[in-house]
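So the sequence shown is residues 1 to 570, counted in full-length UniProt numbering.
All C-beta atoms, glycine included, are put in the ideal place defined by N, C-alpha and C.
All of these numbers come straight from a predicted model, not from anything done at the bench.
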Amino acid sequence: MDVVTQVILFGGATRVPKVQEILKKTIKQDLGKNLNSDEAAAMGAVYRAADLATGFRVQKFLTKDAVLLPIQVVFEREGESGSMRQVRRTLFGPMNPYPQKKVITFNKHTSDFTFDVNYAELDHLAKNEIPFLGSLNLSRVALSQVGETLKEHLTENVESKGIKAHFAMDDSGLFSLTGVELVYEKSVTELAEEDEESPLSKLGSTISKLFSSDKTEKAAEEKEQQDDGQEETTTEPSTEEQTATNTTKEAHAGNETTTDKTADFKEEEVQGQNKTEKPKIVTVKQPIPLEVTHLFTKPLSDELYEESKKKINELDKIERERTRRETALNALESFVIEANQRMEQEEYASCAVPEEIEQIQKSCAETSDWLYEDGSDADAKTYEDKLKELKKLTNDVYGRHWEHTERPEALKALAGMLEGSQKFLKTAKNLTKDFNVEKDVFTAVEIETLEKAITETEEWRNVEVKEQEKLKKSEPVRLTVKLIMEKMSLLDREVKYLVNKLKIWKPKLKEKKAKSNETDKEEAAAEKDDEAKEEQEEVVKDQEEDGPQVEEPQLPTEDTEKSEGSHSEL
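This is the structure in structure tokens:
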């Protein structure tokens, strides 16, 4: 305790004075109370859940689950003297992180055998805590048909890599045996070239070696150094490591494929190469039958599972009914108390006639007495029916009170809309044909319609307000909030129609612009004729420069026309 500077309480039980007193005597210092011990676990769990979920983004909160109760494998193996000796191999040591996968290899066994999975290395626990764990033996695994499998598959050109058992501890810390298999390597022959590799093939192999990872080389060295006579415990790579390895392999495969294609294209031009058979090593995995006997806690059978599920569903149903009954009871009690209090307040009492007040108070008193006598054991439906009856009595009074409370705000909103509509109407009148010929956005009918709607709404409001003021608060409401909202909706529709028309309006094209367009067309046609004449003159000029001189044709004159005419008469 010399190195402990502060002890922070955790958990609701630490609020008990006797617990705090014992803790103070033990640690001989004041307790740290800077953390709410009641909410610490709940808040931590909520934050951790948000960190694990993908729909929330919180500050990084690094946590790791660690093994508190180590697990080991115990089996027997024949020694050098021929006697059997017990061997222990630790799978998940103390404070090892999980989820994690482990593999243990049995190299010496050639016949059926068994191994046990137990708790181990519990020295970090107090002696009085270990008995509470129960049995330290978790399970017993019996492997069968080992000899037959070895005899069937271990033939010529086959090398055994042992029997591998795969274990896993998931995110919840649950231990499981995922499978047992015989692993062996078999030599398979394939065609290979005798001649030396082409330059491109050598280049591709060199590039592939550059991309190879150091981890693969180290693994190969360790594999060569392993003693076949010893059992081996290895850790399988995590998901991220597997993904990275697969990505590297894919990159290597892509490089090798490109190189091979280039080399093949080059080798098609070379003839007369000799090919021989080359051995290739293939790894094969053969499952081994097994039987697991659970020694700690036996799993539920199908019948027991269904029975347990049925009990849980029944408990959930009972819980829902209890919650519904308590909710209905609390709602009824609250409504009775609230109704009595409101009937004594002036703002509610003024909205009801004496008979209504008397009836409501009488019903509330009867319900209150019934709740603490005969109705103490009633079900949820009875409470809900009682609440509906009381609400039916008070709905009219509460409705009038709400109307009188909300009406001033509704009238204020109506007045604001009328003011805005009048301003818009004044602007819209300047956008008609009578006031502005160039901007005749609105027609006279549209202006009259809007003006009529504004006038009628103002007159309706003034009349209804006067009539409503003549009525008492306890009488049926004449000017309701709903009617006010309907009038506002009609007026808003008329204004929006004109506003949208103003947004899409475009000025008309002038006649001058149309005439100018016709003039432009004529000028364009004249320009085209001039261009055609210039091209014809250029062609004639070229002919004069290149070919023989040709006399120009004589253009007709008035004398020639007359002479031609006289000849035609003859």
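Reference residue i, options the options, closest by Cα
i	options	result
His404	Val353, Leu471, Gln361	Leu471
Ala42	Phe10, Lys412, Asn137	Phe10
Leu122	Gly173, Asp171, Leu69	Leu69
Gly179	Ala165, Gly32, Val188	Ala165
Ser111	Ile104, Glu148, Gly79, Ser135	Glu148
Lys482	Leu431, Val495, Ala410, Ala50	Ala410
Leu23	Leu425, Trp460, Ala365, Gln6	Gln6
Ile163	Val103, Glu321, Pro17, Asn500	Val103
Asn96	His153, Phe56, Leu62, Gly173	Gly173
Ala444	Ala328, Leu425, Pro94	Leu425
Lys501	Glu39, Pro289, Thr432	Thr432
Glu347	Tyr398, Tyr372, Asp377, Trp460	Tyr398
Lys392	Ser363, Asn34, Asp379, Asp377	Ser363
Phe335	Ile130, Asn395, Phe106	Asn395
Leu91	Asn313, Asn107, Ala120	Ala120
Trp402	Val477, Ile447, Leu414, Ala413	Val477
Leu371	Thr449, Asn330, Glu338, Asp440	Asn330
Tyr98	Asp171, Ser308, Asp374, Tyr497	Asp171
Ala66	Ala53, Glu156, Pro94	Pro94
Ala415	Asn462, Lys439, Asn128, Lys388	Asn462
Residues near residue i by beta carbon distance below 8 Å, same chain, minus five either side
i	result
Glu458	Leu418
Leu479	Arg407, Glu464, Val465, Glu467, Gln468
Lys218	Caution applies to Lys218, whose pLDDT of 45 falls short of 50 and renders its modelled position unreliable; the value that the coordinates give is listed next. None.
Ser139	Asp116, Val117, Leu177, Val292, Thr293, His294, Leu295, Phe296
Pro289	Leu143, Ser144, Gln145
Asp30	Lys24
Gln20	Leu9, Thr14, Leu31
Nearest-angstrom beta carbon gap, residue j and residue i [assumed within contact, 8 Å]
i	j	result
Val141	Leu177	6 Å
Ile360	Ala349	Actually they do not touch by this definition, with Cβ atoms about 10 Å apart.
Val4	Ile27	7 Å
Gln286	His109	Contact doesn't hold; Cβ gap of about 15 Å is too wide.
Ala328	Ala380	5 Å
Ser474	Ala352	6 Å
Pro507	Glu446	With a Cβ gap of about 18 Å, Pro507 and Glu446 do not count as contacting.
Extent of the continuous alpha helix (DSSP H) run through residue i
i	result
Phe424	380-429
Ser474	Ser474 -> no alpha helix (DSSP H), and no H or E assigned at all.
Glu363	One detail in the question is off: residue 363 reads as Ser in this sequence, not Glu. Its alpha helix (DSSP H) spans residues 354-371.
Val336	302-343
Val437	Element bounds for Val437: n/a, residue is neither H nor E.
Arg140	Element bounds for Arg140: not the alpha helix (DSSP H) but the beta strand (DSSP E), 137-143.
Glu347	346-349
Met485	481-504
Same chain only: Cβ atoms within 7 Å of residue i, ignoring 5 sequence neighbours per side
i	result
Val74	Gln86, Arg88, Phe115, Asp116, Asn118
Ser37	Leu9, Phe10, Gly11, Gly12, Thr14, Arg15
Lys161	Val183, Tyr184, Glu185
Leu490	Ala453
Ala168	Lys101, Ser176, Thr178
Lys386	Leu332, Thr367
Gly134	Phe296
Environment of residue i [buried if 16+ CB atoms lie within 10 Å]
i	result
Thr427	exposed
Arg493	exposed
Phe435	exposed
Met84	exposed
Ile484	buried
Leu143	buried
Asp2	exposed
Glu421	The amino acid occupying residue 421 in the given sequence is Ser; Glu does not appear at that position. Buried, because 16 or more other Cβ atoms sit within 10 Å of the Cβ of Ser421.
His124	exposed
Thr367	buried
Ile318	exposed
Val46	exposed
Tyr383	buried
Ala365	exposed
Val158	exposed
Ile71	buried
Arg400	buried
Arg342	buried
Asp228	Confidence is the limiting factor: at Asp228 the pLDDT is only 40, short of 50, which leaves the residue's position unreliable, though a coordinate-based value still follows. Burial call: exposed.
residue 600	Any property of residue 600 remains undetermined from this structure, which presents the chain solely from 1 to 570.
Leu498	buried
Own chain, CB closer than 6 Å to residue i, minus 5 neighbours either side, in chain order
i	result
Thr283	Glu185
Ala50	Phe56, Val58
Pro279	Ser187, Thr189
Pro17	none
N-terminal and C-terminal residue of the beta strand (DSSP E) that residue i is part of
i	result
Tyr119	113-119
Leu290	290-294
Val7	It is not in any beta strand (DSSP E) - Val7 carries neither H nor E in the DSSP assignment.
Met84	84-92
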